[in-house]
Amino acid sequence: MRLSNRTRQTFLWLHSWTGLLAGFALFIAFYAGAFTVFREDIAHWQNPPWRTTASGPASTDMLVRKLHETHPELDDFGIVLPPALPPYAYWRVEGHARYATLETIDHPSTHPPSGSLGDFLFSLHYTLGLGAGGQYLMGLVSALYGLALISGLLIHLPQLTRHLFALRPGRNLKQLWQDAHNVIGVLSLPFHMVFALTGATLCLFALVLAALNGLAFDGRLFGAYAQATALAPARAASGVPAAMLPVDTLLEKARVAAETQGVVGLHPDYLHFIHYGDRAAIVEIRGVSARTLASYGQVALEGASGRVLAVRAGRAHDANSAVTSALYALHFGTYGGRVVQAMYFLLALAGAFLFYSGNLLWIESRRKRRQAEQPRKVLLMTRATLGVCLGCCLGIALAAAATAWSARFDAASAAMPRAAFYAGLAFACLHTLWRPVPYAAVELLAMCALVHVLTALGDASHTLPAWHGPWREAARTALAVDGVNLLLAAAFAALAVAVHRRARRDDSPGLWSHPV
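According to this note's numbering, the stretch in the sequence shown is residues -17 to 498, in order.
Put into structure tokens, the structure is as follows:
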């Protein structure tokens, strides 16, 4: 396939500008998303059993009973089971959400309790930390991302076989960046197409549903969708009080029911109670299971007897739930074990590199190599790229450090990871405005390395003693997270050294050389 010069230039323009417009948001989403793959491990690292408050079926039972005693009018409520954290209740009052833990049951909040670094990284990946508006923004960004992928493939398709594995190091640094950008982009293209498609679908689904509801279905779509996706059969309360089975019994019955459909290891994360305390009560248990593409499953039980009413997991998935569950699993890598998680982690980091290198290629194509004075647009793009991209890296490193060290001094706060991230991002953006570009790049990379080292040391110093106690498995997980912090520190240190050497070696005036 050979493209005309005009067609190729059109695709090149499309690829460049869609990449630039979406690149900053996608860098944050991919870099945060790399850690989201290990969200559960991060939760256990943050809240290991030797300092975690009570959680599990016993505390869940207490929460359910106290919620029913305090708010007997509630006929429909849910219990969220976050990893390594105490459960919390969720219900709605006149359309408004309410959340409460066992300690705050008398004074529910309008926001879910959070103190998990993994939850913050997930919100950063999914919404850029901007809430519902950020979710829709990321949906549009994912669509632009798909457009950039297709246009980039069409640009490089003619010389794909000739230059696919070409990595040409030397004095032409732009050529090396171009080769690395192309190799990573082409080899990981199938996964990036999956990320773009599933990201746009997950983020924009509610918006598209609302649009279709008004434009084509005369307001009936939401009801039809709720009916089509409902698991348990709808039935009214009997009016006869009945004792509910303990949560651990319900969870065990749900696991057994899922196993009969070929599911291995259902890990519940949400319980939905309907008509609690009534003989006709229904409990829907939802969770994720590994080693299956449709990893998200549901089991509906009678709350009083434990009789299985419906199963939507494994072989019992219908077409709609199988597709929805597969989209979630493909995006977050929940369908496999550690090998798949490690692959998604590396692919996410490679994706972040694509957007960073894409901006650098745009800058390299427009900078004046023999002039100390650079065009304003080049200088602004350079400072923005360093500030946002390295600021994201520094912010996430600071969020992890704040989590590790605050736990050490028993000063953990739900707002601490978020505050640390935005402080790091703001500092990096301001730092790049007043420091020469090569100095700012080296200093920010060195700061990232230093913070990751401090994070590992802050946690490992009180995790190592637990290695010889009853929590050996939990200590292994925590030390693995510390090891990743050390590997990231080494990578940032190596990049800082490389940028410093280039600035010293390049004695001509320009963007990346040390100012005279």
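Glycine included, C-beta positions come from ideal geometry on N, C-alpha and C. All figures in this text were calculated on a predicted structure; none of them were measured in a lab.
Sheet register partners of residue i (DSSP bridge)
{"i": "TYR81", "result": "TYR72, SER91"}
{"i": "GLY60", "result": "TYR72, HIS254"}
{"i": "ILE264", "result": "ILE256, GLU284"}
{"i": "TYR108", "result": "Paired residue(s): none; TYR108 is not in a bridge."}
{"i": "SER271", "result": "LEU248"}
{"i": "PRO223", "result": "ASP260"}
{"i": "GLY279", "result": "GLY269"}
Distance between residue j and residue i (C-alpha atoms, nearest Å)
{"i": "GLY244", "j": "SER388", "result": "43 angstroms"}
{"i": "ALA478", "j": "GLU51", "result": "59 angstroms"}
{"i": "HIS313", "j": "ASN195", "result": "26 angstroms"}
{"i": "LEU333", "j": "GLU346", "result": "First, the amino acid is wrong: residue 333 is Gly here, not Leu. Roughly 20 angstroms between the two C-alpha positions."}
{"i": "VAL305", "j": "THR414", "result": "45 angstroms"}
{"i": "TYR118", "j": "ALA188", "result": "9 angstroms"}
{"i": "ARG237", "j": "ALA383", "result": "37 angstroms"}
{"i": "ARG47", "j": "TYR81", "result": "15 angstroms"}
{"i": "VAL419", "j": "VAL322", "result": "38 angstroms"}
{"i": "SER41", "j": "VAL229", "result": "10 angstroms"}
{"i": "ALA476", "j": "ARG289", "result": "59 angstroms"}
{"i": "ASP101", "j": "LEU135", "result": "34 angstroms"}
{"i": "VAL433", "j": "LEU468", "result": "10 angstroms"}
{"i": "PRO95", "j": "ASP23", "result": "19 angstroms"}
{"i": "ALA438", "j": "ALA308", "result": "35 angstroms"}
{"i": "ARG74", "j": "THR92", "result": "10 angstroms"}
{"i": "PHE59", "j": "PHE17", "result": "31 angstroms"}
{"i": "ALA471", "j": "ALA379", "result": "10 angstroms"}
{"i": "PHE173", "j": "GLN280", "result": "27 angstroms"}
{"i": "TYR338", "j": "LEU232", "result": "48 angstroms"}
{"i": "CYS430", "j": "LEU372", "result": "8 angstroms"}
{"i": "MET120", "j": "ALA401", "result": "22 angstroms"}
{"i": "GLY116", "j": "GLU85", "result": "31 angstroms"}
{"i": "PRO69", "j": "THR83", "result": "7 angstroms"}
{"i": "PHE403", "j": "ALA381", "result": "5 angstroms"}
{"i": "GLN356", "j": "ARG349", "result": "6 angstroms"}
Boundaries (first-last residue) of the alpha helix (DSSP H) holding residue i
{"i": "ALA431", "result": "419 to 445"}
{"i": "VAL290", "result": "No alpha helix (DSSP H) holds VAL290; the beta strand (DSSP E) holding it covers 290 to 294."}
{"i": "SER307", "result": "301 to 314"}
{"i": "CYS371", "result": "First-last for CYS371: undefined, no H or E at that position."}
{"i": "TRP453", "result": "Counting along the chain, TRP453 falls outside any alpha helix (DSSP H), and DSSP gives it neither H nor E."}
{"i": "GLN323", "result": "320 to 348"}
{"i": "LEU171", "result": "171 to 197"}
Classification of residue i by the beta-carbon crowding that lies within 10 angstroms, buried from 16 upward
{"i": "ASN302", "result": "exposed"}
{"i": "PHE204", "result": "exposed"}
{"i": "ARG454", "result": "exposed"}
{"i": "LEU191", "result": "exposed"}
{"i": "LEU503", "result": "Because residue 503 is not part of the residues shown, which for the chain are -17 to 498, the question remains open."}
{"i": "LEU197", "result": "exposed"}
{"i": "GLY221", "result": "exposed"}
Interface flag, residue i vs chain D, CB-CB below 8 angstroms
{"i": "ALA239", "result": "Although the question refers to chain D, the structure presented lacks it and comprises just one protein chain."}
Are at least three pairs of beta-carbons, each pair with one atom in the stretch 405 to 420 and one in the stretch 450 to 466, less than 8 angstroms apart? The stretch 405 to 420, when compared against the stretch 450 to 466, does not touch it at the 8 angstroms Cβ threshold.
Assess, as a yes-or-no matter, whether the stretch 357 to 364 is touched by the stretch 48 to 63 under the definition of 3 or more beta carbon pairs within less than 8 angstroms. The stretch 357 to 364 and the stretch 48 to 63 do not touch, with fewer than three beta-carbon pairs separated by less than 8 angstroms.
Does the stretch 8 to 19 come close enough to the stretch 434 to 449 to have 3 or more Cβ pairs within less than 8 angstroms? Verdict: no, contact absent.
Quick one: any contact between the stretch 261 to 280 and the stretch 239 to 253, if contact means 3 or more CB pairs under 8 angstroms? Verdict: yes, contact present.
Are the stretch 172 to 180 and the stretch 293 to 302 touching, with three or more C-beta to C-beta distances below 8 angstroms? The stretch 172 to 180 vs the stretch 293 to 302: no contact.
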